[in-house]
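K.L.:
The sequence shown: position 184 = 216 (the working numbering), numbered continuously. I'd like to ask some things about the structure below.
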Amino acid sequence: MKQVTAHVKYVGFRSKEANEKGFFSRDEDKADFEAFLERIEKNSALQHPLTIKARKMIFSLRESDYEAYKRSGKDFKDLVRNTLAEYERKHGVKLDWIANIHAAEGHPHCHVVIKGVSDNRGADGRFKRIVFKKEDLQELKETFHKEFERDAIYHLHERLDVDRTLGDMSKVFESVTKDMTRENERLQREAEMKRQRAARNKGRDR
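Structure below.
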């Protein structure tokens, strides 16, 4: 609990990038971090000293992408909420989490701390352990990008920049492909010349 408490306080107060608006959660724009920590500490399924009390993750965007998303009338909170809500729907769990946005220059990101067990009980009457496997993290990443791309609104010049970048990448790929083709042809010619010389030398030896 000491580690969880320290991390939550860093997310909310100690980092220079911490958002002045403070914590938010699934249902609240101003979440009570002390109440969140108390729910972890008092949960009956988290009493064993070796039990993992909480999980943490970070959602991150580039500055230009973050601004493009805000133009839709939404903000980072909506993006995080929608992503986690989709995970809950797919896995039949109810997550208890708290988050804060850090407005880091160039890459705004959001720290999320999730209670180590679900907020709802399974068919066996127990709280479900929250464990994010590699495929779960990939799923969250894909949902995050899908939610972002659905609402992001770019200015024309930003799209032109994207198209220009893709065009430049295509030219580079085409150039590299041509260079590789020429190199392969050169190697084939050299190999053929060596074969012919070897054949001629063999004929002289006779």
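Glycine residues also receive a C-beta, built at the ideal position from the N, C-alpha and C atoms.
1. Distance check for residue 98 and residue 92, CA to CA, integer angstroms please.
2. Roughly how many whole angstroms lie between the Cα atoms of residue 104 and residue 84?
3. Could you pull out every residue in the same chain whose Cβ sits closer than 8 Å to the Cβ of residue 140, ignoring the five residues on either side in sequence?
4. Which residues does DSSP list as the beta-bridge partners of residue 131?
5. Taking 7 Å as the limit between beta carbons, can you name the residues of its chain near residue 120, skipping five residues before and five after?
6. Please report the Cβ distance between residue 131 and residue 112, rounded to the nearest whole angstrom; I am assuming they are in contact, meaning their Cβ atoms lie under 8 Å.
7. If you draw a straight line from the alpha carbon of residue 182 to that of residue 159, how long is it in whole angstroms?
8. The alpha helix (DSSP H) spanning residue 106 covers which residue range?
9. Anyone know if the C-beta pair for residue 163 and residue 68 falls short of 9 Å?
10. According to DSSP, is residue 89 helix, strand or coil?
11. Leaving aside the five residues before and after residue 152 along the sequence, list all residues of the same chain whose C-beta is less than 7 Å from its C-beta, in chain order.
12. Would you give the residue range spanned by the beta strand (DSSP E) that residue 45 belongs to?
13. Cα separation between residue 169 and residue 228?
14. Is residue 240 helix, strand or coil when you go by DSSP?
15. Beta strand (DSSP E) containing residue 182: first to last residue?
16. Grab the span of the alpha helix (DSSP H) containing residue 40 for me, first residue to last.
17. Closest to residue 176 by C-alpha separation, out of 234, 114 and 87, would be which residue?
18. Between the beta-carbon of residue 129 and the beta-carbon of residue 76, is there less than 9 Å?
19. In three-state terms, what does DSSP make of residue 121?
20. Can you have a look at residue 44 and say buried or exposed, based on whether 16 or more other CB atoms are within 10 angstroms of its CB?
21. Roughly how many whole angstroms lie between the Cα atoms of residue 138 and residue 90?
P.N.:
Let me spell this out:
1. Taking the sequence shown and counting its residues from 1, one reaches residue 92 at position 60. Taking the sequence shown and counting its residues from 1, one reaches residue 98 at position 66. As the crow flies, the alpha-carbon of residue 92 is around 9 Å from that of residue 98.
2. The sequence position of residue 104 within the sequence shown is 72, counting from 1. The sequence position of residue 84 within the sequence shown is 52, counting from 1. CA-CA distance, residue 104 to residue 84, rounds to 38 Å.
3. The residue labelled residue 140 in the question sits at position 108 within the sequence shown. The answer, listed in chain order, is 92, 93, 95, 98, 108, 133 and 134.
4. What you label residue 131 is simply residue 99 of the sequence shown in a count that begins at 1. In the DSSP output, where bridge partners are listed per residue, residue 131 has 56 and 144.
5. Taking the first residue of the sequence shown as 1, we reach residue 120 at position 88. Excluding residues within five positions, the ones whose Cβ falls inside 7 Å are 126 and 127.
6. Within the sequence shown, the letter at position 99 stands for residue 131. Within the sequence shown, the letter at position 80 stands for residue 112. Yes, they are in contact, since the Cβ atoms of residue 131 and residue 112 sit about 6 Å apart, within 8 Å.
7. Translated into positions along the sequence shown, residue 182 becomes position 150. Translated into positions along the sequence shown, residue 159 becomes position 127. Those two C-alpha atoms are separated by around 34 Å.
8. As a position in the sequence shown, residue 106 is number 74, starting the count at 1. Here residue 106 belongs to no alpha helix (DSSP H), and DSSP marks it neither H nor E.
9. What you label residue 163 is simply residue 131 of the sequence shown in a count that begins at 1. What you label residue 68 is simply residue 36 of the sequence shown in a count that begins at 1. Result no, Cβ atoms of residue 163 and residue 68 do not sit closer than 9 Å.
10. Here residue 89 corresponds to residue number 57 of the sequence shown, with the count starting at 1. Three-state result, residue 89: strand.
11. As a first step, residue 152 must be located in the sequence shown, where it is residue number 120. The answer, listed in chain order, is 125 and 126.
12. As a position in the sequence shown, residue 45 is number 13, starting the count at 1. Neither: residue 45 is in no beta strand (DSSP E) and is coded neither H nor E.
13. As a first step, residue 169 must be located in the sequence shown, where it is residue number 137. As a first step, residue 228 must be located in the sequence shown, where it is residue number 196. Using only the alpha carbons, I get a separation of about 58 Å.
14. Residue 240 is absent from the structure shown; the chain starts at 33 and stops at 238.
15. Taking the first residue of the sequence shown as 1, we reach residue 182 at position 150. Not the beta strand (DSSP E): residue 182 falls in the alpha helix (DSSP H), residues 166-183.
16. For the purposes of this step, residue 40 is taken as residue 8 along the sequence shown, with counting starting at 1. Segment 34-41, the alpha helix (DSSP H) holding residue 40.
17. Walking along the sequence shown from the start, residue 176 turns up at place 144. Comparing Cα-Cα distances from residue 176 to each of 234, 114 and 87, the minimum goes to 114.
18. Position 97 of the sequence shown, counted from the start, is the residue given in the question as residue 129. Position 44 of the sequence shown, counted from the start, is the residue given in the question as residue 76. Against a cut-off of 9 Å, the Cβ pair of residue 76 and residue 129 comes out as no contact.
19. For the purposes of this step, residue 121 is taken as the residue at position 89 of the sequence shown. Residue 121 falls in the helix class under three-state DSSP.
20. Taking the first residue of the sequence shown as position 1, residue 44 is located at position 12. Buried, since its Cβ has 16 or more Cβ neighbours within 10 Å.
21. In the sequence shown, counting from the first residue as 1, residue 138 sits at position 106. In the sequence shown, counting from the first residue as 1, residue 90 sits at position 58. Each residue's alpha carbon lies about 15 Å from the other.
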